[in-house]
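Heads up: the structure comes next, in structure tokens.
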Amino acid sequence: MLDDAGLTTTQIADQLGNTPRVVEKHYRAKRVSNEHAVAALESMFGTDDEEE
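Take 1 as the starting number for the sequence shown in our numbering and just add one per residue.
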């Protein structure tokens, strides 16, 4: 919820009483950081949809 609201890792850590490292490891959602890299990897290895 805090992640979706756009708070920074440090702000979330302060609110939860944790360190930024703990927040990154356990609470933040994984995101695609580079759409071009994702497209390149998917074209090389395919996606899970193709295996069905």
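Even for Gly, the Cβ is constructed at its ideal location relative to N, Cα and C.
Beyond the five residues adjoining it in sequence on each side, Arg28 comes within less than 8 Å, by CB distance, of Asp3, Thr9 and Ile12 in the same chain, given in chain order. For Lys30, the secondary structure class from DSSP, reduced to helix, strand or coil, is coil.
DSSP places Thr8 outside both helix and strand once states are collapsed to three, so it counts as coil. Within a 10 Å sphere around the beta-carbon of Val38 sit fewer than 16 other beta-carbons, which makes this residue exposed. A straight line joining the alpha-carbon of Glu42 with that of Val23 spans about 28 Å.
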